[in-house]
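Residue numbers for the sequence shown follow our numbering, beginning at 386 and rising by one.
For every residue, glycine included, the Cβ atom is placed at its ideal position computed from N, Cα and C.
If you're wondering where the values come from, they're calculated on a predicted model, not measured in any experiment.
Have a look at the structure below before the remarks.
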Amino acid sequence: MIDAYRLGFTVGVREDYSYQSSLRNVDVPIEMLDNDFRNPDLDRYIERFEQYEPSIGMLGDAYDRQEARRYNQAARELKRKFPGTEVIIVPKCHEAIEEIDDDIVLGYPMGYSDQTAEEYTDIVDWRGRRVHLLGASPTKQYPVIEELTQPRVTGEKPADIVGVDWNGVHLAALHGEYFSPHGYGSADHLSIRETVRESLRQIRSYWKSRGVWPTVETDRSLLTAEPMDPVWAADGSRATMNGLEDAIVVEYENGQTLAYRSQHERDRIEYRAGLTPTEVYG
386 MIDAYRLGFT VGVREDYSYQ SSLRNVDVPI EMLDNDFRNP DLDRYIERFE
436 QYEPSIGMLG DAYDRQEARR YNQAARELKR KFPGTEVIIV PKCHEAIEEI
486 DDDIVLGYPM GYSDQTAEEY TDIVDWRGRR VHLLGASPTK QYPVIEELTQ
536 PRVTGEKPAD IVGVDWNGVH LAALHGEYFS PHGYGSADHL SIRETVRESL
586 RQIRSYWKSR GVWPTVETDR SLLTAEPMDP VWAADGSRAT MNGLEDAIVV
636 EYENGQTLAY RSQHERDRIE YRAGLTPTEV YG
């Protein structure tokens, strides 16, 4: 998650998940909140949304007009409470599209969705709308972007592609492969995290080459900022950024701030040195 954030990707979680807790001292914002599509509950989702206040909300799948109207009403209320928030509704039938307001983003289902957009709509149904592509690899998403945006002799307005997403890099990493535009590469020599990071680099490079990656960086908090006061590892060396991600950091009455690799190490050193903690992080 941290690697994706640093590379410029929007990061987030599904409503029934949270970020891995092993990274004790890194506060990564939840920028996008997905719904639990296998067990949807709009009231539960809205409660989580109000807790996290993400900038993007994947509200849910509308399989008929009634569901589309309900999601649309919920989207209107969320946008009223949280101005500037992008709310995405996924129409899973042709009739649902016209029930969703024009300023609400339509989720265009691809990949392993139970119903893909091409099964119940034509490409013209999505043109002139704000669209987010759901699933499928970048090399499969790009032809759809072209269909949705290129000029047509029939004159339909282009769609406004506001985003894409794909979680295939994690599954590929578990199989020992990283994504590249030319096919999957072997990652037997890399860790899972390194494999995911390589896929992310390849994806970013691909979108940049196609002119899809944003040219203006968004204003985001920097995870790489140095602490205002130096933090020392318990062995006497200066703590590194990567080390701090997984450390127990403790401030003491004497003004020191020390980083420990384990609770056992902390207990041992505090006992021997007679240190009195004032603040603990992690």
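Beta bridge counterpart(s) of residue i as assigned by DSSP
| i | result |
| --- | --- |
| M443 | I473 |
| S565 | Looking at the DSSP assignment, S565 forms no beta bridge with any residue, so it has no partner. |
| I546 | V516 |
| E480 | Note: E480 sits in no beta bridge, so no partner. |
| G397 | M417 |
| V665 | V635 |
Integer Cβ distance of residue i from residue j, believed to fall under 8 angstroms
| i | j | result |
| --- | --- | --- |
| E484 | R454 | 5 angstroms |
| L519 | S498 | 7 angstroms |
| E400 | Y430 | 5 angstroms |
| E471 | V529 | So it is not a contact: roughly 19 angstroms between Cβ atoms. |
| P543 | L556 | Their Cβ separation, rounded to whole angstroms, is 32 angstroms, which puts P543 and L556 out of contact at 8 angstroms. |
| D487 | V516 | Not confirmed; about 12 angstroms, so no contact. |
| A558 | I577 | 5 angstroms |
| A632 | R653 | Not a contact, Cβ separation roughly 15 angstroms. |
Cutoff 8 angstroms; reference residue i; Cβ partners in own chain excluding five residues on either side
| i | result |
| --- | --- |
| R586 | L392 |
| A610 | Its pLDDT being 46, under 50, A610 is placed unreliably in this model, and the coordinates cannot settle the point. |
| V396 | M386, A389, Y390, V413, P414, I415, E416 and M417 |
| G469 | S440 |
Outcome for residue i when other beta-carbon atoms lying within 10 angstroms are tallied against a minimum of 16
| i | result |
| --- | --- |
| P494 | buried |
| N552 | exposed |
| R537 | exposed |
| R651 | buried |
| P662 | exposed |
| P612 | With a pLDDT of 48 at P612, under the threshold of 50, the predicted position of this residue should be treated as unreliable, though the coordinate-derived value follows. So P612 ends up on the exposed side. |
| R657 | exposed |
| R423 | exposed |
| S407 | Residue confidence for S407 is low, a pLDDT of 44 falling below 50, so the modelled location carries little weight and cannot support an answer. |
| W511 | buried |
| Y402 | exposed |
| Q648 | exposed |
| V665 | exposed |
| E562 | buried |
| I489 | buried |
| R465 | exposed |
| T580 | buried |
| N639 | exposed |
| R514 | buried |
| G659 | exposed |
| V554 | buried |
| G568 | exposed |
Residues of its chain near residue i, where Cβ-Cβ distance is below 7 angstroms and the 5 sequence neighbours each way are ignored
| i | result |
| --- | --- |
| P476 | A447, A453, I482, I485 and L491 |
| L575 | E583 |
| Y591 | P523 and P566 |
| Y437 | I415 and L418 |
| R433 | E400 and L418 |
| S571 | G561 and E562 |
| E531 | none |
| A460 | L444, V472, I474 and I489 |
| W364 | Residue numbering for the chain in the displayed model covers 386 to 667; residue 364 lies beyond these limits and cannot be assessed. |
| T501 | P494 and M495 |
Cβ of residue i within 8 angstroms of any chain D Cβ
| i | result |
| --- | --- |
| E531 | Included in the structure is just one protein chain, with no chain D present. |
Residues near residue i by beta carbon distance below 6 angstroms, same chain, minus five either side
| i | result |
| --- | --- |
| E480 | R450 |
| T506 | H479 |
| P425 | G445 |
| Q526 | L518 and V549 |
| G496 | G520 and A521 |
| D573 | G561 |
Worksheet item: Considering only residues of the segment 482 to 517, which uninterrupted beta strand (DSSP E) runs meet the minimum length of 3 residues and lie entirely inside it, listed in chain order?
Response: Those beta strand (DSSP E) runs which fall completely within the segment 482 to 517 and span 3+ residues are 490 to 494.
Discussion item. Quick check on the DSSP output: what are the complete beta strand (DSSP E) runs of length 3 or more inside the segment 571 to 605, in order along the chain?
Written reply: Qualifying beta strand (DSSP E) stretches: none in this window.
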